[in-house]
Every structure is written in structure tokens, then in C-alpha cells.
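Trainee:
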Amino acid sequence: MRVGVFDSGLGGLTTWLACTRYLPTAEYFFFADTAHAPYGDLTAEEVCQYTQAAYAYFLELGVDALVIACNTATSAAVLPLRQQARMPVIGIEPAIKVALQESEGEILLLATELTVRGSKLAQLLRDRDGGGRVRALACPGWMEIIEEQAPDWRVRAQAYWCEHIEPALGAAQALVLGCTHYCWLREEISAWSGGMAIYDGNDGVARQLYRLLLQREPDSISTARAPLSLHFTATAAAARKQAAAAELLRNAGVELRLLPLSSA
Numbered sequence: 021m022r023v024g025v026f027d028s029g030l031g032g033l034t035t036w037l038a039c040t041r042y043l044p045t046a047e048y049f050f051f052a053d054t055a056h057a058p059y060g061d062l063t064a065e066e067v068c069q070y071t072q073a074a075y076a077y078f079l080e081l082g083v084d085a086l087v088i089a090c091n092t093a094t095s096a097a098v099l100p101l102r103q104q105a106r107m108p109v110i111g112i113e114p115a116i117k118v119a120l121q122e123s124e125g126e127i128l129l130l131a132t133e134l135t136v137r138g139s140k141l142a143q144l145l146r147d148r149d150g151g152g153r154v155r156a157l158a159c160p161g162w163m164e165i166i167e168e169q170a171p172d173w174r175v176r177a178q179a180y181w182c183e184h185i186e187p188a189l190g191a192a193q194a195l196v197l198g199c200t201h202y203c204w205l206r207e208e209i210s211a212w213s214g215g216m217a218i219y220d221g222n223d224g225v226a227r228q229l230y231r232l233l234l235q236r237e238p239d240s241i242s243t244a245r246a247p248l249s250l251h252f253t254a255t256a257a258a259a260r261k262q263a264a265a266a267e268l269l270r271n272a273g274v275e276l277r278l279l280p281l282s283s284a
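Just so it is clear: in the sequence shown, position 72 is 92 by the working numbering, and no numbers are missing.
#1: Please work out which residues of its chain come closer than 8 Å, Cβ to Cβ, to arginine 174, disregarding the five sequence neighbours upstream and downstream, and give them in chain order.
#2: According to DSSP, is alanine 177 part of a helix, a strand, or is it coil?
#3: In the DSSP output, which residue or residues are listed as bridge partners for isoleucine 88?
#4: Check whether the Cβ atoms of glycine 221 and isoleucine 112 sit closer than 8 Å, and answer yes or no.
#5: Should proline 171 be labelled buried (16 or more other beta-carbon atoms within 10 Å of its own) or exposed?
#6: Could you tell me how far apart the beta carbons of valine 23 and threonine 35 are, in whole angstroms, since I believe they sit closer than 8 Å?
#7: Starting from serine 139, trace the alpha helix (DSSP H) in both directions and tell me its first and last residue.
#8: For arginine 176 and leucine 234, what's the separation of their Cα atoms in angstroms?
#9: So for leucine 134, helix, strand or coil by DSSP?
#10: Nearest CA to the CA of tyrosine 219: which residue from Ala226, Glu124, Thr135, Gly198?
#11: How many angstroms separate the CA atom of leucine 157 from the CA atom of leucine 130?
#12: Tell me which same chain residues have a C-beta within less than 8 Å of the C-beta of leucine 144, skipping the five on either side of it?
#13: Hey, quick one: how far does the alpha helix (DSSP H) through leucine 81 stretch, first residue to last?
#14: Could you check whether leucine 229 and tyrosine 42 sit closer than 8 Å to each other, using their CB atoms as the reference points?
#15: Quick one: what's got a C-beta closer than 6 Å to arginine 227's C-beta in the same chain, skipping five residues either side?
#16: Around the C-beta of alanine 259, are 16 or more other C-beta atoms found within 10 angstroms, so that it is buried, or is it exposed?
#17: Which partner residues of valine 196 appear in the DSSP bridge assignment?
#18: To which residues of the same chain is alanine 188 closer than 6 Å at the C-beta, ignoring the five residues directly before and after it?
#19: Nearest-angstrom Cα distance between alanine 272 and threonine 253?
#20: Beta-carbon of arginine 41 versus every beta-carbon of chain B: anything under 8 Å?
#21: Looking at the structure shown, is arginine 270 part of a helix, part of a strand, or coil, going by DSSP?
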């Protein structure tokens with residue numbers, strides 16, 4: 021069983037990790053379009069173009085399913101891609117439904133500019149947030165701090181939080197992480213926010229992948245953290261991105277066996 025996972029950078033590795041908990045024996049291929057990141061600063065047409073290129077790459081690999089582990093790419097490109105795809109395509113979207121069910125009061129959604137202004141989020145809010153509890157906040161530049169993986173990236177990410185996000189919290193009682201890059205800061209965000217409830221869409225993607233591939237509901241998840249294997253491809257700075265991926269996962273307690281780089 022082969023699964024392709026696509027993101028503009030390293031954020032989608034958090035989605036891949038969720039998928040390994042449900043399908044630990046699958047063979048995973050990760051495609052990071054680092055040459056064109058960040059997607060949040062692009063037009064919807066550009067994101068569609070680059071998502072199509074990633075799809076073509078996975079089509080050649082013969083994957084059984086494609087996971088778009090990027091909220092921005094899902095917002096801009098998943099619907100037209102599904103119309104032509106020869107395999108199941110699972111997109112990620114903000115976990116608004118779960119946040120509304122499990123929390124009370126106002127919810128603050130943190131996402132890229134393109135996700136916030138996109139029609140898919142507007143439709144999602146119309147369908148699920150009749151009470152107007154969700155407020156979206158665009159966070160330009162935050163993804164880039166995380167993606168860059170400079171030695172002081174966590175310090176810079178906290179400075180960004182204090183300057184741009186904390187003043188916008190208002191009466192929010194919960195946070196939804198609408199970019200998979202933000203999930204690398206989940207523990208820090210919990211501390212910075214004083215323990216607010218935090219939601220992201222990774223588990224929902226993993227469960228849907230399981231359903232589509234095995235045609236049944238998942239009944240358990242793997243808690244073992246044995247070394248994980250991953251085919252990793254990046255469209256720019258591939259070796260550096262591979263090293264950064266291994267370091268991120270190592271710090272998260274995951275031993276990663278990165279398989280040889282393949283060219284996109």
C-alpha cells in the first residue's frame with residue numbers, strides 16, 4: 021500500500037505522522053514543494069498549478085491515495101484535482117466541526133492569508149458555524165519562521181505570537197490550527213495561550229485515509245514509535261530539508277529512517 025503526502029514544506033510531516041498511527045505498515049512518499057513555498061502568499065491559480073505537478077509526480081509513483089497535507093493547497097486545489105484524479109485524494113481542512121462540538125465560546129482560527137480569504141473556508145464556516153463562533157486570523161510570515169528552521173526559530177515564533185496573535189485572542193476559548201506548520205508548535209502554543217484547547221485536522225485526515233483504503237472504520241491506532249521510514253522529496257534545498265525533517269521528528273521523539281532522495 022503506497023501513500024503520497026504533499027505539502028509546500030515540512031508542515032505536512034505532522035499529517036504524515038498522524039497517518040502512520042492508523043496505517044503504520046504503508047509505504048509513504050512525501051513531496052515538499054519548497055521551491056514555491058509559502059503557498060499562502062500565492063494566488064489560487066498558482067497553488068492549483070503546483071498541486072497538479074505534485075499529483076503528476078505521485079501518479080508516476082503509482083500511489084494508492086494522495087494526502088494533501090496543506091490547508092492552503094486543499095482550499096485552492098482539492099476540488100478540481102478530485103475531478104481528474106485516478107486515486108482517492110484526501111485534503112486537510114481546519115478542525116472547525118470538532119472545535120465547535122468540544123469547546124464553548126469563541127474560537128480563533130489561525131491560518132495563512134490564502135486560506136482565510138478562500139471560498140472553501142467561507143463555505144465551511146457557512147455550513148458548520150451558524151452561530152458565528154469562529155473568527156479567522158491570517159498569520160502571514162509565521163509559517164516561514166517554522167519552515168526556515170533557523171537555530172532561533174522557536175524564539176522567533178514566540179515573538180511573532182506575542183506581537184501578532186496574542187493581541188488578537190480577545191474572548192477566544194479555543195484555537196484551531198489551520199496550517200500544518202503550526203502543529204510543530206502545539207505544545208508551545210498551549211503554554212503561550214495559558215492552556216487553551218487546541219484543534220487541528222491531522223487526525224481527521226488519517227481516519228479518512230484509513231476508511232478509503234481499507235473500506236472500514238479504524239478500530240485502533242498504533243502507539244508504538246518504532247523507527248519510521250519515509251521517501252522524502254523536496255523541489256529545492258532537498259538535502260537541507262531532509263536534515264531539518266529528521267531533526268524536527270527527532271525532537272518530537274520519532275526516529276526517522278529517511279530513504280534515498282528521489283528527484284521530482
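The C-beta atom is built at its ideal place from N, Cα and C for all residues, glycine as well. Note that the structure is a prediction, hence the values are computed from the model and not measured.
Mentor: On the basis of the supplied data:
#1: Leu205, Glu208
#2: Helix, per DSSP.
#3: DSSP lists Phe26, Gly111 as partners of isoleucine 88.
#4: yes
#5: With fewer than 16 other Cβ atoms within 10 Å, it is exposed.
#6: The pair is not a contact, with the Cβ atoms about 11 Å apart (cut-off 8 Å).
#7: 139-148 is the span of the alpha helix (DSSP H), which, as asked, contains serine 139.
#8: Inter-residue distance for arginine 176 and leucine 234 is about 42 Å (C-alpha atoms, whole angstroms).
#9: Helix, per DSSP.
#10: Gly198
#11: 5 Å
#12: Here the set comprises Glu113, Pro114, Ile116.
#13: 64-81
#14: Yes.
#15: Pro238
#16: exposed
#17: Leu129, Tyr219
#18: Leu157
#19: 21 Å
#20: In summary, chain B is missing from the structure at hand, where a single protein chain is found.
#21: helix
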